[in-house]
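Take the sequence shown: its letter number 124 is residue 149 in our numbering, and every next letter is one higher. For glycine and all other residues, C-beta sits at the position ideal for the given N, C-alpha and C.
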Amino acid sequence: MDYGLKNRMSRMIRPSTGRSVMLACDHGYFMGPTRKLENPRKTIEPLVPYADVVSVTRGVLRSSVDPEWDIPILLRVSGGTSILQEDLSNEGLTTSMKEAVRLNASAVSISIFVGAPNEKQTLLNLGKLVDEGEEYGMPVMAITAVGKELEKRDDRYLSLACRIAAEIGAHMVKTYYCEGFSRVVDGCPVPLVVAGGPKLNTEADVFQLVFKALQEGAVGVDMGRNIWQNDNPVAMIKAVSAIVHEGATQKEALDLFNETKGKIEALTSARPRRTAQRPR
Ligand code: R5P
26 MDYGLKNRMS
36 RMIRPSTGRS
46 VMLACDHGYF
56 MGPTRKLENP
66 RKTIEPLVPY
76 ADVVSVTRGV
86 LRSSVDPEWD
96 IPILLRVSGG
106 TSILQEDLSN
116 EGLTTSMKEA
126 VRLNASAVSI
136 SIFVGAPNEK
146 QTLLNLGKLV
156 DEGEEYGMPV
166 MAITAVGKEL
176 EKRDDRYLSL
186 ACRIAAEIGA
196 HMVKTYYCEG
206 FSRVVDGCPV
216 PLVVAGGPKL
226 NTEADVFQLV
236 FKALQEGAVG
246 VDMGRNIWQN
256 DNPVAMIKAV
266 SAIVHEGATQ
276 KEALDLFNET
286 KGKIEALTSA
296 RPRRTAQRPR
């Protein structure tokens, strides 16, 4: 791996812990103004100080992420289908590698739809993006998307999809947690992060998902709705970060969440806009 790729990877996965809390805010690219992400800046700004990476499209980056914020960007570059379609797999590349470099992205992300009608097209898109990523020193994250078929998320399917992503050359893979997740990790020779999926019933469910994913070999999360659709999103991301970077248990994370909710949201809303610095 050349210097540029290595350097960018070190912005994606924190070298001191080997782990990462990525904040996923790219849902609008096919879901439109998702609940609690209607105004992206309002959602993203209070969470930036506690995230290692923010995941967005170029439109949200330009409009809603201050260039002076100290936060690496995972740029979503695939799309082309909306939630109105039954089959979401008909994706192409929406943003060029040159644009990703111009926007100073630290990595780019693309969905692949293994087993879906447009499987081949999305896998070839990944291959092309990896070729360009190698040329420009830009890491590529493959996302094992399942479209509307959430029931696909089992270890057999996810092992297949993650391994195919790695074989085509993805530098990182985002997938889902599932029963038997360690088998997914074992079959995937590049770092894996997990998405949260639709909002779970309780905070304890979220912390359990994150804890188990980390225990079984994920290097972190790229999580959205279970953080920013919560009524206390800052307390949520702090608790998730405690599991990811400090080895907190799910119970410790829940205690931290309960201690800090309310208080921390009030403090954060008082934070001046341009001081969205990440605490270390
Ligand atoms: C889909 O829109 C994206 O890949 C999301 O970044 C991914 O699903 C993670 O977000 P969430 O935790 O809300 O599932």
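{"query": "Can you grab the Cα-Cα spacing for the pair T120 / D247, in whole Å?", "result": "20 Å"}
{"query": "Comparing C-alpha positions only, which one of S41, L234 and A190 sits nearest to P214?", "result": "A190"}
{"query": "On the DSSP bridge list, what partners appear for A167?", "result": "I135 and V198"}
{"query": "Run the Cβ filter for me: residues under 6 Å from any heavy atom of the ligand R5P, listed in the order they occur in the chain.", "result": "A49, D51, H52, S80, I168, A220, G221, G222, D247, M248, G249, R250 and N251"}
{"query": "Taking the C-alpha atoms as reference points, what is the distance between R36 and A141?", "result": "32 Å"}
{"query": "Can you give the Cα-Cα distance for I98 and E284, rounded to whole angstroms?", "result": "30 Å"}
{"query": "Could you check if P297 is buried or exposed, using at least 16 other CB atoms within 10 Å of its CB as the buried criterion?", "result": "Low per-residue confidence applies at P297: pLDDT is 39, beneath 50, and the placement is therefore not dependable enough to give any value."}
{"query": "Report all residues from its chain with a CB closer than 7 Å to the CB of P216; omit the five preceding and five following residues, and keep chain order.", "result": "I38, M197 and V244"}
{"query": "Report the three-state DSSP secondary structure of S88 (helix, strand or coil).", "result": "helix"}
{"query": "Please confirm whether L225 and V231 have their CB atoms less than 8 Å apart.", "result": "yes"}
{"query": "In whole angstroms, give me the CA-to-CA distance for T68 and P74.", "result": "12 Å"}
{"query": "Taking the beta carbon of T106 as the centre, do at least 16 other beta carbons fall within 10 Å, making it buried, or is it exposed?", "result": "buried"}
{"query": "If you follow the alpha helix (DSSP H) that G53 is in, where does it begin and where does it stop?", "result": "G53 to M56"}
{"query": "If distances are taken between C-alpha atoms only, which option among V265, F236, G194 and V209 comes closest to E160?", "result": "G194"}
{"query": "Can you tell me where the alpha helix (DSSP H) holding M26 begins and where it ends?", "result": "That residue, M26, is in no alpha helix (DSSP H); it is neither H nor E in DSSP."}
{"query": "Considering only the alpha carbon of each residue, which of K288, D180, A170 and S266 lies closest to E241?", "result": "D180"}
{"query": "Pull the bridge partners of A273 from the DSSP assignment, please.", "result": "None; A273 has no bridge partner."}
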